[in-house]
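Throughout the sequence shown, residue numbering follows numbering that gives the first Met the number 0, covering 0 to 45 in sequence. The beta-carbon is built from N, C-alpha and C at its ideal position, and this holds for glycine as well. Following: one structure in structure tokens, then a few remarks.
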Amino acid sequence: MADKTLPPALLELLRTVDTPTVCNAIEVAQGKRGFNRFTRGTMFHC
0 MADKTLPPAL
10 LELLRTVDTP
20 TVCNAIEVAQ
30 GKRGFNRFTR
40 GTMFHC
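Right under this line is the structure:
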């Protein structure tokens, strides 16, 4: 079985972003969006 431990540098990078950001990046890298046209505009946190 292959070693599935993430390198420390990658773990540190992942700690700088939230889960939705990581999920969005994965969808973009895969070339698809799960909720295409779900949000029509930019959302801002107040």
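Rounded to whole angstroms, the separation of the alpha carbons of M42 and A8 is 30 Å. A straight line joining the alpha-carbon of Q29 with that of V21 spans about 12 Å. Following the DSSP letters along the chain, one finds A8 inside the alpha helix (DSSP H) bounded by residues 7-13.
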